[in-house]
Amino acid sequence: MKRRVVTLLLVLGAVLGIGAPALADGAQSGADIHVAQSLGDRDLTVIIRRVAEVPGPVHVDVVTHAGTAPGELTLTLRAAGAPSSTTKVVLGATPGFHAGQLHVDRPGPWELAVDEATIPFVVPALVPSPWENATYGGFIAAGLLLLAALVLAVFGKPVLALVPTAGVVAAVAVGVTAALLSPSIPPVAAPGTQLDPTFDNVTNPYERTSITDFSRPPVNMVPRMEDGDLVLSLTDGSSGRPVDDLLVHDSAFVHLVVVSPSGHLRHLHPVRTAPGEYRARLRDPERGVHAVAAEIARRGGGVQLLRSGVDVAGSAVAVPHDGKAETAVEIREAGRPSTITAKFGERDLQPWLGMLGHMIVVGPMTGSAAEAPIWAHVHSMIPPVPGMPDKPDESVAAYGPDVPFTYSFPLPGRYLVWIQVERDYSVVTVPQVVDVPAAKGVASK
Amino acid sequence: MKRSAVAVVAGVLAVLAAVVVLWPRGVEARPHLAESGGLRFELTPTSTRSGSNEFDLRITDRSGNAADGDVTVEPAMPQMGHALAPITAAPQAPGRYRVMGVDLFMAGQWEITVSLRSERVVIPLLLT
Numbered sequence: 001m002k003r004r005v006v007t008l009l010l011v012l013g014a015v016l017g018i019g020a021p022a023l024a025d026g027a028q029s030g031a032d033i034h035v036a037q038s039l040g041d042r043d044l045t046v047i048i049r050r051v052a053e054v055p056g057p058v059h060v061d062v063v064t065h066a067g068t069a070p071g072e073l074t075l076t077l078r079a080a081g082a083p084s085s086t087t088k089v090v091l092g093a094t095p096g097f098h099a100g101q102l103h104v105d106r107p108g109p110w111e112l113a114v115d116e117a118t119i120p121f122v123v124p125a126l127v128p129s130p131w132e133n134a135t136y137g138g139f140i141a142a143g144l145l146l147l148a149a150l151v152l153a154v155f156g157k158p159v160l161a162l163v164p165t166a167g168v169v170a171a172v173a174v175g176v177t178a179a180l181l182s183p184s185i186p187p188v189a190a191p192g193t194q195l196d197p198t199f200d201n202v203t204n205p206y207e208r209t210s211i212t213d214f215s216r217p218p219v220n221m222v223p224r225m226e227d228g229d230l231v232l233s234l235t236d237g238s239s240g241r242p243v244d245d246l247l248v249h250d251s252a253f254v255h256l257v258v259v260s261p262s263g264h265l266r267h268l269h270p271v272r273t274a275p276g277e278y279r280a281r282l283r284d285p286e287r288g289v290h291a292v293a294a295e296i297a298r299r300g301g302g303v304q305l306l307r308s309g310v311d312v313a314g315s316a317v318a319v320p321h322d323g324k325a326e327t328a329v330e331i332r333e334a335g336r337p338s339t340i341t342a343k344f345g346e347r348d349l350q351p352w353l354g355m356l357g358h359m360i361v362v363g364p365m366t367g368s369a370a371e372a373p374i375w376a377h378v379h380s381m382i383p384p385v386p387g388m389p390d391k392p393d394e395s396v397a398a399y400g401p402d403v404p405f406t407y408s409f410p411l412p413g414r415y416l417v418w419i420q421v422e423r424d425y426s427v428v429t430v431p432q433v434v435d436v437p438a439a440k441g442v443a444s445k
Numbered sequence: 001m002k003r004s005a006v007a008v009v010a011g012v013l014a015v016l017a018a019v020v021v022l023w024p025r026g027v028e029a030r031p032h033l034a035e036s037g038g039l040r041f042e043l044t045p046t047s048t049r050s051g052s053n054e055f056d057l058r059i060t061d062r063s064g065n066a067a068d069g070d071v072t073v074e075p076a077m078p079q080m081g082h083a084l085a086p087i088t089a090a091p092q093a094p095g096r097y098r099v100m101g102v103d104l105f106m107a108g109q110w111e112i113t114v115s116l117r118s119e120r121v122v123i124p125l126l127l128t
């Protein structure tokens, strides 16, 4: 009898050891969403922090920059058009982070309204994957069957005990197979980035679809001026309907670059005010035709560059850029990689739009910027830190001082180049003119 | 006694099989070949992981004679739309070059363009 009890205890220990969840995937559900917003006269970055539990709080940080007017913003969360929670964030006079807290009651597609700007985003549901269920289910079943086999064996039914023993082998096989194969199972199409998010597919993300190509048609952009605001109307190139599926890429829905007739550059992030309508304020505009270029990414993949021009009624006085940096320039002939390194002296640059620096290239200049054949946006990246899926936000002022760019100017000629970095919550724009020589008898590609 | 010996042998076999099946495998650093109009390029990276890397280059003409001249290496990551500054390869011996301090900071598909005079090849490199 004593031996039986000892055996029973030993096997129970083994069962509990196996049954403990040891094979969990450290799955990240979502990440912080950083969206740059040119809201009225303010340049803001809205950070929607990862939602840890649903229902639960949503932490929103509003980052103000140098020159942002103090005041109050109203943040409202909406699901399917119905407001669910609202809060006010008071913006101080010093640039930095201003926190607000809202509340979500269910996973799914949500919309954060910041005054008149709206930011659609997805609150993911924490759903265990089918292979996780198979792994845990297999090991739990193995434990229970082992217990049954033990009880039968201890109470003198060794032949009957063989049946649950076979079950143990089968259940362990299921669990081990699911655990081993799960890394190689292709991911399902994500609601929000590939599929239009709905409350159904967010709460049941492992349902497979028959779609294999998620890409969508190109977009038409029509810019117009309205009360000092540049308003972009985005319509689908195939159906003519408003485009309301823009993804946040490089921390903004739309990267809008506007170049004035005198060569003044603005890098704006229009706010969404209606489906397919984005607007940004042009402060102290110059008179004349401005070149407009917008970088967008639609749901389903692929970034598009939309170029246009808009006539602005402004003053005749051009505003020069005041950003200064020493630049080391090594220009090669057209088609070969040239390098431009801006040296900012001190190691205190902040990430702007998730990058160390941005370089806008327009040229070769023969007439106005709107007619230039080449329009490029080059990045200087922040080296990724392994194991850190979230990018550092603007509070980390520890990058630089050298900001290198490599770009192969495709055509010879004179280019206008602007280098942009962030320091002290202020965007520094350094203009530069680059002359690219023609290729001398070298195979171009 | 005999039974326990069988059990031990079976256990050892099972562990060995598990080690063979589950041993983590990276992509092996093997030479990548590419040919242009008149030259043969052979690029061998020291590592197939992201991070700082070095390349060994062997460049010969079609008949196997060592090529000479200035060799430039231009790494780029098309998926991220990112290019690195070109690096000049250091000659080691006739037809042999070494490229040091290549900071391929991200895992994924890289494109290494190698050029000697007007001859250019593009060598894809997958980093894990």
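Chain order of the listed sequences is A and B.
For the record, in the first sequence the residue sitting at position 82 is 82 according to the UniProt record's numbering, with numbers rising by one throughout.
For the record, in the second sequence the residue sitting at position 8 is 8 according to the UniProt record's numbering, with numbers rising by one throughout.
Ideal Cβ positions, reconstructed from N, Cα and C, are used throughout, including at glycine.
If you run the structure through DSSP and keep just helix, strand and coil, what is A/Pro343? Against the first sequence, residue 343 of chain A aligns to sequence position 343. In the sequence as presented, Pro is not what sits at residue 343 of chain A; that position holds Lys. Of the three classes helix, strand and coil, the one that applies to A/Lys343 here is strand, per DSSP.
B/Met100 classed as buried or exposed, judged by whether at least 16 other C-beta atoms fall within 10 angstroms: By one-based count along the second sequence, residue 100 of chain B stands at place 100. It is exposed - the Cβ of B/Met100 has fewer than 16 other Cβ atoms within 10 Å.
Does the structure place the region 96–109 of chain A close enough to the region 131–140 of chain A that three or more beta carbon pairs sit under 8 Å? no
Alpha carbon to alpha carbon, what distance is there between A/Leu180 and A/Gly192? Position 192 of the first sequence, counted from the first residue, corresponds to residue 192 of chain A. Position 180 of the first sequence, counted from the first residue, corresponds to residue 180 of chain A. Distance between the alpha carbons of A/Gly192 and A/Leu180: 29 Å.
For the region 4–17 of chain B, list every residue whose C-beta sits within 7 Å of some C-beta in chain A, in sequence order. Listed in sequence order: no entries.
Contact residues within the region 369–403 of chain A, judged by C-beta distance below 7 Å to chain B: His379, Met381, Pro383, Pro384
A/Leu411 (DSSP reduced to helix, strand or coil): Working through the first sequence from its first residue, we reach residue 411 of chain A at position 411. DSSP places A/Leu411 in coil when its eight states are reduced to three.
Unbroken stretches of the beta strand (DSSP E), 3 residues or longer, contained in the region 37–100 of chain B: 39–45, 51–61, 71–77, 90–93
Grouping DSSP H, G and I as helix and E and B as strand, with all else coil, what is A/Phe253? Against the first sequence, residue 253 of chain A aligns to sequence position 253. Three-state result, A/Phe253: coil.
Span of the beta strand (DSSP E), counted from its first residue to its last, around A/Val63: By one-based count along the first sequence, residue 63 of chain A stands at place 63. Looking at the DSSP string, the run of the beta strand (DSSP E) that includes A/Val63 is 56–64.
Return no unless some Cβ of chain B is closer than 7 Å to the Cβ of A/Pro337. Locating residue 337 of chain A in the first sequence gives position 337, where the first residue counts as 1. Interface residue, yes.
Examine chain D for any beta-carbon lying closer than 7 Å to the beta-carbon of A/Thr165, and answer yes or no. Chain labels in this structure do not include chain D; the protein chains are A and B.
Which value, in whole angstroms, describes the spacing of the CA atoms of A/Val433 and A/Ser38? Your numbering for residue 433 of chain A matches position 433 in the first sequence. Your numbering for residue 38 of chain A matches position 38 in the first sequence. Roughly 27 Å between the two C-alpha positions.
Using a Cβ-Cβ distance cut-off of 7 Å, determine whether B/Ala89 contacts chain A. Reading the second sequence from its first residue, position 89 is the one you call residue 89 of chain B. Output row for B/Ala89: interface = no.
Would you mind giving the Cβ-Cβ distance between A/Val114 and A/Val51, rounded to the nearest angstrom? I have them listed as a contact below 8 Å. For the purposes of this step, residue 114 of chain A is taken as residue 114 along the first sequence, with counting starting at 1. For the purposes of this step, residue 51 of chain A is taken as residue 51 along the first sequence, with counting starting at 1. With 8 Å as the limit, A/Val114 and A/Val51 do not qualify as a contact, their Cβ atoms being about 17 Å apart.
Buried or exposed, going by whether 16 or more other CB atoms sit within 10 Å of the CB of A/Asp435? Within the first sequence, the letter at position 435 stands for residue 435 of chain A. Flag for A/Asp435 reads exposed.
Range of the contiguous beta strand (DSSP E) that encloses A/Asn204: Position 204 of the first sequence, counting from 1, holds the residue named residue 204 of chain A. Looking at the DSSP string, A/Asn204 is not in any beta strand (DSSP E), and its letter there is neither H nor E.
Measure the CB-CB distance between A/Phe405 and A/Ala334 and report whether it falls below 7 Å. By 1-based counting over the first sequence, the position of residue 405 of chain A is 405. By 1-based counting over the first sequence, the position of residue 334 of chain A is 334. Result no, Cβ atoms of A/Phe405 and A/Ala334 do not sit closer than 7 Å.
What is the DSSP secondary structure of A/Phe405, counted as helix, strand or coil? Here the question's residue 405 of chain A lines up with position 405 in the first sequence. If DSSP states are grouped into helix, strand and coil, A/Phe405 belongs with the strands.
For B/Gln79, count neighbouring C-beta atoms within 10 Å of its own C-beta (all shown protein chains included) and say buried if the count is 16 or more, exposed if not. Position 79 of the second sequence, counted from the first residue, corresponds to residue 79 of chain B. Classification for B/Gln79: exposed.
Applying a beta-carbon distance threshold of less than 9 Å, which residues of chain A neighbour B/Met100? Taking the first residue of the second sequence as 1, we reach residue 100 of chain B at position 100. Within 9 Å Cβ-Cβ: nothing; B/Met100 doesn't reach chain A, min ~18 Å.
Can you give the Cα-Cα distance for A/Gly288 and A/Met359, rounded to whole angstroms? What you label residue 288 of chain A is simply residue 288 of the first sequence in a count that begins at 1. What you label residue 359 of chain A is simply residue 359 of the first sequence in a count that begins at 1. For A/Gly288 and A/Met359, the distance between alpha carbons rounds to 24 Å.
How big is the Cα-Cα spacing for B/Val102 and A/His34? Reading the second sequence from its first residue, position 102 is the one you call residue 102 of chain B. Reading the first sequence from its first residue, position 34 is the one you call residue 34 of chain A. For B/Val102 and A/His34, the distance between alpha carbons rounds to 31 Å.
Check the Cβ of B/Leu84 against every Cβ in chain A and list those closer than 7 Å, keeping chain order. The residue you call residue 84 of chain B lines up with position 84 of the second sequence. Correct list: Thr406.
Could you check what DSSP says for A/Gly137 in three-state terms: helix, strand or coil? Taking the first residue of the first sequence as position 1, residue 137 of chain A is located at position 137. A/Gly137 falls in the helix class under three-state DSSP.
Could you pull the start and end residues of the alpha helix (DSSP H) that B/Arg117 belongs to? Against the second sequence, residue 117 of chain B aligns to sequence position 117. Run containing B/Arg117: none; DSSP gives neither H nor E here.
Is A/Glu422 buried or exposed, if buried means 16 or more other CB atoms sit within 10 Å of its CB? Reading the first sequence from its first residue, position 422 is the one you call residue 422 of chain A. When all chains shown are included, A/Glu422 counts as buried.
Taking residue 210 of chain B as part of the alpha helix (DSSP H), name the residues at either end of that continuous run. With chain B represented from 1 up to 128, any question about residue 210 of chain B goes unanswered, as that position is not in the structure.
What does the alpha-carbon distance come out to for the pair A/Leu195 and A/Pro57? Locating residue 195 of chain A in the first sequence gives position 195, where the first residue counts as 1. Locating residue 57 of chain A in the first sequence gives position 57, where the first residue counts as 1. Computed Cα separation, rounded: 26 Å.
Which same chain residues end up closer than 8 Å to A/Val202 when comparing Cβ atoms and leaving out the 5 residues on each side of it in sequence? Stepping through the first sequence from its first residue, residue 202 of chain A is reached at position 202. Result list for A/Val202: Pro107, Gly108, Pro109, Val122, Val123, Pro124, Ala125, Pro191, Gly192, in chain order.
Counting Cβ pairs closer than 8 Å, one from the region 217–232 of chain A and one from the region 272–281 of chain A, do we hit at least three? yes
How about A/Pro364 and A/Leu411: are their beta carbons less than 7 Å apart? Position 364 of the first sequence, counted from the start, is the residue given in the question as residue 364 of chain A. Position 411 of the first sequence, counted from the start, is the residue given in the question as residue 411 of chain A. The Cβ-Cβ distance between A/Pro364 and A/Leu411 falls below 7 Å.
Output the distance between the C-alpha atoms of A/Pro205 and A/Tyr278, rounded to the nearest integer angstrom. The residue given as residue 205 of chain A occupies position 205 in the first sequence. The residue given as residue 278 of chain A occupies position 278 in the first sequence. Roughly 30 Å separates the two Cα atoms.
Using C-beta distances below 8 Å, list every residue in its chain close to A/Val219, excluding the 5 sequence neighbours before and after it, in chain order. To locate residue 219 of chain A, count along the first sequence from 1; it is residue 219. Answer for A/Val219: Leu234, Thr235, Asp236, Gly237, Val243, Ile296, Arg298, Gln304, Leu306, listed in chain order.
Of all Cβ atoms in chain A, is any one closer than 7 Å to the Cβ of B/Phe41? Taking the first residue of the second sequence as position 1, residue 41 of chain B is located at position 41. Chain A, which has no Cβ nearer than 7 Å to the Cβ of B/Phe41, makes this no.
Tell me the DSSP secondary structure of A/Val174 in three-state form. As a working note, residue 174 of chain A is residue 174 in the first sequence. A/Val174 falls in the helix class under three-state DSSP.
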